[in-house]
Every structure is written in structure tokens, then in C-alpha cells.
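Enquirer:
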Amino acid sequence: MSIYNDYIKEIEERKGQGLHPKPIDGAELLTEIIAQIKDLDNPNREDSLKFFIYNTLPGTTPAAGVKAKFLKEIILGESAVAEITPAFALELLSHMKGGPSIEVLLDLALGNNAAIAIEAANVLKTQVFLYEADTNRLKEAFDNGNVIAREILESYAKAEFFTKLPEVAEEIKVVTFIAGEGDISTDLLSPGNQAHSRSDRELHGKCMITPQAQEEIKALQAQHPDKSVMLIAEKGTMGVGSSRMSGVNNVALWTGKQASQYVPFVNIAPIVGGTNGISPIFLTTVDVTGGIGLDLKNWVKKTDAAGNVVRNENGEPVLEQAYSVATGTVLTINTKTKKLYNGDQELIDISKAFTPQKMEFIKAGGSYAIVFGKKIQTFAAKTLGVEAPAVFAPSKEISNEGQGLTAVEKIFNRNAVGTTPGKVLHAGSDVRVIVNIVGSQDTTGLMTAQELESMAATVISPIVDGAYQSGCHTASVWDKKAQTNIPKLMKFMNDFGLITARDPKGVYHSMTDVIHKVLNDITIDEWAIIIGGDSHTRMSKGVAFGADSGTVALALATGEASMPIPESVKVTFKGNMKGYMDFRDVVHATQSQMLKQFGGENVFQGRIIEVHIGTLTADQAFTFTDWTAEMKAKASICISEDATLIESLEIAKGRIQIMIDKGMDNAKQVLKGLITKADKRIAEIKSGEKPALTPDANAKYYAEVVVDLDQIAEPMIADPDVNNADVSKRYTHDTIRPLSFYGGTKKVDLGFIGSCMVHKGDMKILAQMLKNVEAQKGKVEFNAPLVVAPPTYNIVDELKAEGDWEVLQRYSGFEFDDNAPKGAARTEYENMLYLERPGCNLCMGNQEKAAKGDTVMATSTRLFQGRVVEDSTEKKGESLLSSTPVVVLSTILGRTPTMEEYTAAVDGINLTKFAPSHKLLVK
């Protein structure tokens, strides 16, 4: 049977799901389609033409190469297709973005046929996704006196690819749709348990919110055909939890506009809003698609006659509605006045959504085109020997004389490119920075690969120190979905230049380590900037930003990222940590105390948390930086003492060496190079040449938070508060409760120890507690299942060497076997200990989940509805987040422990301790 017939069979299967034909990315299928187009009597010719024109993916996909080659034949007259004239062929090339299409356009523009050269040049002038091989051809032709090459370069130098685009409409009419009340997690827009389908955009689009919501959106569009539907988080923040490109893609698919009529299911320009704005990392993703994100402020704190905030019986501010955005409300966005209107009534200033840079993203259909466009303009002007005209909005450079620098300001100043020489920049400045480390995770990796193909990138930028493709999100179950997607992903990324968790050649053992732990290890300089395809890319060395799959692709392709320097909030500690407390409790207490100190205002949101942690190694400190995603911070930075940083770097070196010993390094010896860089950094610290990064004593912060360790008298639990009468207060991560709140009576159905929040010390705590219980009671008996997923294989190996793994094996009823991985997700759990494969496991919720309606006590990061556990018809599922000892004890008891039971259980156990640094960690 032919590949084409297989494709037709797949189309029929998709029809049953209400889906259109899947876009074509394979060369063999398109080659067969072209053969049918050439055969005028072929019964499949008409359909083949449609597939070729309207259903082939652009960029550097294998299919794009075949398509570009055939279009070239048509333009040169070597092939004739009545339905595709040479002019139409050039139009189709103009929509293919880069890679083979640019190669063909350059062949034609620099070729011998003068008439064709002019037409091809006109198309090239609209293109921006050019790489070194392309620009080298242009420069060589220009140096040899080619007139067409000069014309193209002159156009690029004037940035006509941008200036000739239509201007942004002055008025944008929208009709509102309340997607939910309270914070809207990206899991609602793109559920984690549907991660396998993210690269199939139409199929994945069917999982956004609910089928009922999708019908309501379609009804609004039918009723208001001239307006865009704006999705809103009422009384909450839109897009919390992750950057999730697939979430923005889904919103754009349902409410945006098609980027190109010749590229299916790639939509741009979504419009979203939230009472409390848009989560920072999600807003970056909205910018990637040329969308608009509005901070609506339609609910405000109620004040009394004296101007004081009115509070309810729980001490929380009472909110009152400033204006309505109820579903079906028609509003007008004015991009000139930068105001939001209801009819003639001005509602709110929205200028933050329409900065000069954001207006460029909207005009260009996304931020990529601007990034590449600026590079092309700079190249062209330099080649021509002229000064590039000021076309793009100048980067805002804020420099406050006499003001010191925060840690993030220092890092951005060191890594900045293209800024005014000698100018020191402060928060609010727009900066293009070099990215040192890049991470791609496996459920978004296929989309990152698609983005790389669409921007015609074929190899990692040489200025990136190291990059890693994980396998942690699909570690739990090696099912057909994983077997279909992951090998293809690993091969693509390995060929692109990344270190990959799985070896496409099958030489080294698969390593499904949690991505953030690996990135934390391969970050060997606290001055580094890290970009990763997950919201928990929050290393405890350097400054790390969780990003969408597109921004990750851009960092891989260019070695750069662009963003304003964020403001910082300084966090310091005082007092002493009680002996029976764990550092996880300090992390939760930080959030609780911050909210109390600032009257319920989350001063962390959208900012850098500069935490003066001093004495904790990177492994342990990551528990804090990781949680800053739940604090809604933009990112975080750990300020360490010199000796602590050296210890962290030595640990990292050891773990990188293990990766090398396993055979994971590539031909360029990236991992070996990281060890060399770590040695250099250690030497700088020891010699005093360049001590550990610290902020200046006179740095300016948005706020300063002092955490009082003396106040932390009980384990602190993050509670989703699933039955709160105020729906907007549910699933927020802001409800932090002491253990005694539950009175030792709350039933616990399942416990989970794992995710990126735990480290080797947590595994040792688990082993120690089990030994203690056996010593006290004669045996270990679980009254609820306990699922344990170590974050990394390195940790498992270290536990084996130290004897702790043997302890866990003794008490377990299941242990993972890499030689026989699970082929299906577990749906039922017995009251025993499960030793699962290193990876994300329950925390991600895309493969395995707790039983519906369960109350879960977990060390993980997420408590969103449906993430770890879904609701049943009788009861809401809930995931309470706590320290390792609380989880262990809860599963042994089958309920939350009392304080007496807790303190007795941890007596003599080496919990993760923390003592504030006695050194002044400023310069």
C-alpha cells in the first residue's frame, strides 16, 4: 500500500474525531503527492493539489524541502502545473518562512534569469528567517557586484520587511468570555494529561477548557463576527503555572486568526485578560504569537470613608466590582489612546499592553519576526557600510546615577548585547542577553522542534554553553504515545546539538532525570542566564526563566533572549529554625509571611525573588527557587557564600562527569567543556579574583521581605482550599496552613514523594523514618499508598552506595525496572510503597494520577484542579503540598498527623536544616 493511501486512511480515521487532515511534514508522502499532481489523469490529483498548497508544514520540515524544490521547478519552467503559476509559486514560497524556501529564493534571485531574479528578490525582501549560510551567500554576491544582492540588502537595511506591513488597527473590538473564576492555570487551556497531542494542533485544541466552553465561544463568534473573543480570568490571573505554548496555541486556534492561509492550524493574535493580569511567563508566550494580554483590574479592594481597606471576618480584603466583563460584554481596545472602553465610557488604562515593543510584536504577528528582523537589518547595514535607520522602537535604557545593582541587574548587565557601551542599566531597561544554558522538556519538546523547523534553524547556536533535552515528563509509562513521540524528539534534538536524556543510537542508558535537576547541575556559573521549557526552570545558580517552546527554540537557534530587566524583591531571614522543622516549611512560610506583611498583596508576582540563602547548597536551595513559580515570581536568584557556592559547583562537576562516563557527551564535548568552565569559576572564587555574586549594598528593591524563622512552629501545608465559598480563592497556592489546622483527622488517600521539589536528603529522610517506625512498632504498615519517584538516577546511585536504597527496597511493594518499563498508567493503588522510575510521575499528571476524588499529600509543586488528582462525582480531588516527613507520616497513619505524632516521628532524623548566613551578602 502507498504512503498516500495510508494518509487517506488516517484522514478517514480523523474524520471520526471531527478532525481535518493532519498537516504533512514527511518528504516521502509529499513526493508521492507531487507525482500525482504531475499525472493529469490521476484520480487523486485534485486532492493532491489541495494537500500540496494548503496542508504542508513550512520551515525546515522534510516536506518543506520537497515543496520548495518543486516550486522552483515551476518557476523555472521545468515543470508545468496549470493551477500553480510561477507567480503563485513565488507566493507559496513567501509563506514558507525559511530554510529550503530561502535557499530556493536565493538561487532564483542570484541566478541568470533577470526577470525571475527581480521577482524572487521582491519576495526575499519580505523574509526575515535567514541564517549564516543565507547571509553569507548574499554578502558574497554583493562583494562580487551583484545588483540584485545590493537591492535586497538595501531593503533589509531599511527594514522594509517590517515597515511595509499593515499598521496595527487603532480600534480592536472584543466580546468577552469568562473562562473561569479565580486564577486560570494553563492546565485548563492545555491539560497536562493531553500533552502527547500538543504537536497535533487541531487535535490538541479539542481539549481546551471544556466542549461546552468551546460551543459558547463559537456562539459568541457567530453573534459577533466582526469582533475577537477575549478569554478572561475573572477575579484572578490568566495563565498561572507555566508558559505553555500549547495553551496559547489553543486560545489562538479558537479565538485568533490564521497566520497564513497556506499553513493549517497555526493561528496568531489571541486576546486574553485577567482581573489580576496575565502570569509573566504566560504573557511572554502571548507576545510570541503577536497577541494581547490585558490587566483588567475590574475588581478592586473596597475602602471605607477614611480610605482604609475593608476586610472580611478572615482578615482578607473585600473586593468590589469596578466594571463588568461578564461573558458577552462588548468592549473596545484603542491602541492609540491605550485605553479600554465600553461604548464611550473609558474603563481603564492598558498602556502596559501596548508598549512600543509590544506594538511591534502585534504588527509583525509575533516576537520572532522582530528578533530575526533586527538581526537582518544589522547585518545588511554592516555589509553595505551604512548606518541602519531607526525603524524599531529603541530599547528603553534606564540608568539611575548613584544607585547600586541588584543581583539580576548585575547578571543582565554582564550578558547584555547591543546596549550603549559603558552604560549601567537598571530594572525596566529592555535588554537583549546572551543565554548560557537551555533546557527542553519532553512534553513541549516536539513543539520546540516544530518551532525550530518553522524558523528554519538546523543547529544550536555556538554561543550556548550547554543544552539538555529531558525525558522526565514521559518517564512513568512507556506507552504507545511515548514510543511514537519520544524517540523522534530525541533524534531531532540530538542532531540539533543538545545532550539528550535518551540516546537515539541506543548506546547509553536512558536517563529520565527531572529536567530542572539536570539544568541545575549543568549550570556552572552563578552569573549564567538559563532558559527552559518549563515553568520550574528556576535554578539555584544563575537566573533562570521558564519559557514557552518558542522562546526555547529562539534561545537554541540564536543563543539570545530579549526581555526587560525585572524588578527584584529581597528576601532575608532572621531567627532560628526549630529542630523538628524541615526547610520545605520555611519555603511555604515565606509565602505566608510575605502576604501578611503586605496586606494580601503578592509583591513577588512578576518580579525576581533575590533570596539571601547563603548557607544551603544548590541542591537544597532549589527547593526554594523551584517554589517561586507557585509564588508567581518571574524568576529567582540565590545569594550564596563563597564556600557554599564552591561546594555546589564541586557537586555539579561530579554529576556532569557521571553523564560523561555514561556516554552522554557529544562530538563537541559540551559536557567536558562545562567541567572546564566550573574549574575556572571555582579558581576565581578561591583566589578572590571574582567572589560569589552579591548585590550592591545600595541596590534598589521593589520590596524587602524578612522571614522570621522563630514564627515557624509547625509544618506548613499549601492547601488548594477546594471548598472555599469564594471560587476565586481555590487552587491558588496562597492558602498556607499549619499542620494543627487539620486536627489530626483529615483522611489522606495517597502520598507522593517526588518531583523537582525534593533532593537526595528527602530520600534519606524517607529511609530514616521507615527505619524508625519499624523500630518503634515492629513493622512498617501503610494505611495509604506512598508513591516515591526520585528526581534523578544520580540520586538513586548515591542512595545505593550509601545503603539507603536498600532500606527503601525492603519496605517497597513495587520497584521500577528499566528493562521492563510500565506500558500503561496505574489506575489503582494498594496501601504500600511504590518505588517509581526517576522523573516527574504524579506531579505532571499527564501519565499517572491518583484515583478520582482522592485527598493527596505530596511534596510536588502543583495543586491545580485535575493536575495530580481529578474530581469524582462524589468528592473534589485535592492535592495538599507539604514536606517529606509529613507525607511519610500521613501515609502510615492514613490521615494527617497531630503535632505530637509528628515531632515524635522526626525525633533524631536529619531533616533539611537552614540557618541564615551571618555574613553580609552584599558588596
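Here the sequence shown is numbered in numbering that gives the first Met the number 0, starting from 0 and rising by one per residue. The beta-carbon is built from N, C-alpha and C at its ideal position, and this holds for glycine as well.
Would you kindly report the start and end of the unbroken alpha helix (DSSP H) that includes I674?
Expert: 669 to 686
Enquirer: Thinking C-alpha only, which one of R836, E408, K745 is nearest M934?
Expert: A question about residue 934 goes unanswered here, because the residues of the chain that appear run from 0 up to 922.
Enquirer: Roughly how many angstroms separate the alpha carbons of G58 and S398, rounded to a whole number?
Expert: Each residue's alpha carbon lies about 40 Å from the other.
Enquirer: Once you ignore the five residues that flank K923 on each side, which residues in its own chain have a CB closer than 8 Å to its CB?
Expert: Lying outside 0 to 922, the shown extent of the chain, residue 923 is not represented and no answer is given.
Enquirer: Any contact of the segment 816 to 827 with the segment 157 to 168, i.e. 3+ C-beta pairs under 8 Å?
Expert: no
Enquirer: Grab me the residues of H195's own chain with a C-beta within less than 7 Å of its C-beta, minus the 5 sequence neighbours each way, in chain order.
Expert: For H195, same chain residues with a beta-carbon under 7 Å away, outside a window of 5 residues either side, are K480, N484 in chain order.
Enquirer: Flag this pair as touching only if the segment 617 to 631 and the segment 503 to 520 have three or more C-beta atom pairs under 8 Å; answer yes or no.
Expert: yes
Enquirer: Please state whether DSSP places P269 in a helix, a strand or coil.
Expert: coil
Enquirer: What whole-angstrom Cβ distance do D664 and K671 have, given they're in contact under 8 Å?
Expert: 6 Å
Enquirer: Which of the three DSSP states is assigned to S245 in this structure?
Expert: helix
Enquirer: So, is S871 buried or exposed, given that buried needs 16 or more other C-beta atoms within 10 angstroms?
Expert: exposed
Enquirer: Pick helix, strand or coil for I36, following the three-state DSSP scheme.
Expert: helix
Enquirer: Given L382, which residues of its chain have a CB within under 7 Å of its CB, disregarding the five upstream and five downstream residues?
Expert: With the sequence shown as reference, residue 382 is identified as Thr, and Leu is not the correct amino acid for it. Contacts found: K138, F141, L152.
Enquirer: Just to confirm, are F128 and F360 a CB contact at a threshold of 8 Å?
Expert: no
Enquirer: Is the beta carbon of V167 sitting closer than 8 Å to the one on L330?
Expert: no
Enquirer: Can you tell me whether I375 is buried or exposed? The criterion is at least 16 other CB atoms within 10 Å of its CB, across all chains shown.
Expert: buried
Enquirer: Can you list, in chain order, the residues of its chain whose CB lies under 8 Å from that of V416, leaving out five sequence neighbours each side?
Expert: Take V416, set aside five residues on each side of it, and the residues of its chain with a beta-carbon closer than 8 Å to its own are R431, V432, I433, E559, in chain order.
Enquirer: Using DSSP with H/G/I as helix, E/B as strand and the rest coil, what is Q211?
Expert: helix
Enquirer: Taking the beta carbon of T511 as the centre, do at least 16 other beta carbons fall within 10 Å, making it buried, or is it exposed?
Expert: buried
Enquirer: Less than 8 Å between the C-beta atoms of V36 and L28, yes or no?
Expert: Strictly speaking, residue 36 in this sequence is Ile, with Val absent from that position. No, the pair does not count as a contact, with Cβ atoms beyond the cut-off.
Enquirer: Mapping the DSSP letters down to three states, classify L841 as helix, strand or coil.
Expert: helix
Enquirer: Using the Cα positions of D761 and E566, report the straight-line distance between them to the nearest angstrom.
Expert: 33 Å
Enquirer: So, using beta-carbon positions, are A120 and I101 closer together than 8 Å?
Expert: no
Enquirer: So is A114 buried or exposed if we call it buried at 16+ other beta carbons inside 10 Å?
Expert: Burial check for A114: the Cβ neighbour count within 10 Å stays below 16, so the residue is exposed.
Enquirer: For S93, does the count of other Cβ atoms within 10 angstroms reach 16, so buried, or fall short, so exposed?
Expert: buried
Enquirer: Output needed for N248: all residues of its chain with C-beta closer than 7 Å, excluding positions within five of it in sequence on either side, in chain order.
Expert: Excluding sequence neighbours, N248 sits near R200.
Enquirer: Hey, how far is the Cα of L888 from the Cα of Q220?
Expert: 53 Å
Enquirer: Does DSSP put P420 in a helix, in a strand, or in coil?
Expert: coil
Enquirer: What is the DSSP secondary structure of E629, counted as helix, strand or coil?
Expert: Assigned with DSSP and collapsed to three states, E629 falls in coil, not helix or strand.
Enquirer: For Y792, which three-state DSSP category applies?
Expert: Reduced to three states, the DSSP call for Y792 is helix.
Enquirer: Answer with buried or exposed for D5, where buried requires no fewer than 16 other C-beta atoms within 10 angstroms of its C-beta.
Expert: Note on D5: under 16 other CB atoms within 10 angstroms of its CB, so exposed under the neighbour-count rule.
Enquirer: Start and end of the beta strand (DSSP E) containing A833?
Expert: The question names Ala, yet the displayed sequence has Tyr at residue 833. According to the DSSP assignment, Y833 belongs to the beta strand (DSSP E) that extends over 832 to 834.
Enquirer: Count the other CB atoms within 10 Å of the CB of F740; is the residue buried (16 or more) or exposed (fewer)?
Expert: Around the Cβ of F740, a 10 Å sphere holds fewer than 16 other Cβ atoms; the residue is exposed.
Enquirer: Thinking just about the alpha-carbon of each residue, which of W626, L673, E629, V669 is nearest to the one in V648?
Expert: A small fix is needed here, since residue 648 is Leu in this sequence, not Val. Comparing Cα-Cα distances from L648 to each of W626, L673, E629, V669, the minimum goes to L673.
Enquirer: Report all residues from its chain with a CB closer than 6 Å to the CB of S78; omit the five preceding and five following residues, and keep chain order.
Expert: Result list for S78: E72, in chain order.
Enquirer: Which residues bound the beta strand (DSSP E) around F544?
Expert: 542 to 545
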